[in-house]
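**Q** If you're matching positions, the sequence shown starts at 0 in numbering that gives the first Met the number 0 and goes up one per residue. Pasting in a structure now, in structure tokens, and then I'll have a few things to ask.
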Amino acid sequence: MTIFYKYGGKLYINVTNRCSCNCTFCIRQNGDTVGDSGSLWLEHEPSFEEIVKAFEAIDITGFTEVVFCGYGEPMERLDIVLQTCEYLRRVSKLKIRLNTNGLSDLINGKPTAHLLKGLVDTVSISLNASNAKEYESVCRPSFGENAFPAMLQFARDCMQSVERVIFSVVDIIPKQEIEACQKLADEMGIPLRVRVYEG
Ligand code: SF4
Numbered sequence: 000m001t002i003f004y005k006y007g008g009k010l011y012i013n014v015t016n017r018c019s020c021n022c023t024f025c026i027r028q029n030g031d032t033v034g035d036s037g038s039l040w041l042e043h044e045p046s047f048e049e050i051v052k053a054f055e056a057i058d059i060t061g062f063t064e065v066v067f068c069g070y071g072e073p074m075e076r077l078d079i080v081l082q083t084c085e086y087l088r089r090v091s092k093l094k095i096r097l098n099t100n101g102l103s104d105l106i107n108g109k110p111t112a113h114l115l116k117g118l119v120d121t122v123s124i125s126l127n128a129s130n131a132k133e134y135e136s137v138c139r140p141s142f143g144e145n146a147f148p149a150m151l152q153f154a155r156d157c158m159q160s161v162e163r164v165i166f167s168v169v170d171i172i173p174k175q176e177i178e179a180c181q182k183l184a185d186e187m188g189i190p191l192r193v194r195v196y197e198g
């Protein structure tokens, strides 16, 4: 079972396959590996003890950052993410990045960004649309129209607690939408990264 994997010179951690979105471009629909990661479909969600054991077994030489990513939304397992961050802070000097759909508050039924304070260095939030209607059609969130404003609020909250917050969009959405996302990101004072789609 692949919990940690290395891809493109980065170290990733995969803690769940669950996600409250069903994005039209999701890599989960196109296979189950990234590079030579091995299958990212987890046999079961790893316990904290399994995560520690997996971390102890990998060589992190040359890596400066570990990224919560994988085949699902990490914040579906908020407690495990926080516990794992605390552990990684204790035993390594790795920077910690969270790649997220930004719907943590809806998933967990409470504000959550402040919980990341001191534990996560960078939060990268999938923006992928410039308005609620587009967001619903591209990301197909289970929370419907509540999702887009909640994601933006989570981003604002993260700016209070986390050193670096970035938005990302995949480059397969229409050019006008990318421009509109850029405008929204600029208004919020959050850098936007246009991600090359590797599906
Ligand atoms: S948020 Fe990420 S994991 Fe979830 S469906 Fe979208 S692309 Fe897939």
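Note that beta-carbon positions come from the ideal geometry of N, C-alpha and C, so glycine has one too.
Within its chain, find whatever has a CB closer than 6 Å to the CB of Asp156; leave out the 5 residues flanking it on each side and keep chain order.
**A** Here residue 156 refers to the residue found at position 157 when the sequence shown is read from its first residue. Closer than 6 Å at the Cβ level, and outside the excluded window around Asp156, lie Ala112.
**Q** Label Glu48 either buried or exposed according to how many other C-beta atoms from any shown protein chain fall within 10 Å of its C-beta, with 16 as the threshold for buried.
**A** On the sequence shown, position 49 is the one that residue 48 refers to. So Glu48 ends up on the exposed side.
**Q** On the CB-based measure, 16 or more other CB atoms within 10 Å of its CB, does Asn100 come out buried or exposed?
**A** As a first step, residue 100 is located in the sequence shown; it is residue number 101 there, counting from the start. With 16 or more other Cβ atoms from the protein chains shown falling within 10 Å of its own Cβ, Asn100 counts as buried.
**Q** Only counting the same chain, and skipping five residues up and downstream in sequence, which positions put a Cβ closer than 6 Å to that of Glu44?
**A** The count along the sequence shown starts at 1 and reaches residue 44 at position 45. If we look at Glu44 and ignore the five residues flanking it on each side, its Cβ neighbours are Thr15.
**Q** Please list, in chain order, all residues of the same chain as Val137 whose beta carbon is under 7 Å from its beta carbon, the five residues on each side excluded.
**A** Locating residue 137 in the sequence shown gives position 138, where the first residue counts as 1. Excluding residues within five positions, the ones whose Cβ falls inside 7 Å are Cys22, Thr23, Asn127, Ala128, Ile172.
**Q** Please state if the CB of Ile95 and the CB of Ala53 are separated by a distance shorter than 8 Å.
**A** Taking the first residue of the sequence shown as position 1, residue 53 is located at position 54. Taking the first residue of the sequence shown as position 1, residue 95 is located at position 96. It is not a contact, given that the beta carbons lie outside the stated cut-off.
**Q** Ends of the beta strand (DSSP E) at Ser141?
**A** Here residue 141 corresponds to residue number 142 of the sequence shown, with the count starting at 1. Taken as a continuous stretch (DSSP letters only), Ser141 belongs to no beta strand (DSSP E), as it is neither H nor E.
**Q** What residue range does the beta strand (DSSP E) around Asn98 cover?
**A** For this step, residue 98 is matched to residue 99 along the sequence shown. Here the beta strand (DSSP E) through Asn98 covers 94-99.
**Q** Taking the alpha-carbon positions, what's the Ala110 to Leu39 distance?
**A** Position 111 of the sequence shown holds residue 110. Position 40 of the sequence shown holds residue 39. In the sequence as displayed, the identity of residue 110 is Pro instead of Ala. About 29 Å.
**Q** Looking only at DSSP bridge pairs, what is Ile165 linked to?
**A** Numbered from its first residue, the sequence shown carries residue 165 at position 166. DSSP lists Ser123 as partners of Ile165.
**Q** Answer yes or no: the CB of Glu44 versus the heavy atoms of the ligand SF4, is any distance below 7 Å?
**A** As a first step, residue 44 is located in the sequence shown; it is residue number 45 there, counting from the start. For the ligand SF4, not one heavy atom lies less than 7 Å from the Cβ of Glu44.
**Q** Give the DSSP-derived three-state secondary structure of Tyr70 in the structure shown.
**A** By 1-based counting over the sequence shown, the position of residue 70 is 71. Coil at Tyr70, not helix or strand.
**Q** Can you tell me which of the three DSSP states Ile12 falls into?
**A** Counting from one through the sequence shown, the residue named residue 12 turns up at place 13. Note: Ile12 maps to strand in three-state DSSP.
**Q** State buried or exposed for Ala184, treating a residue as buried only when at least 16 other CB atoms are found within 10 Å of its CB.
**A** In the sequence shown, counting from the first residue as 1, residue 184 sits at position 185. Counting Cβ neighbours within 10 Å, Ala184 comes out buried, since at least 16 surround it.
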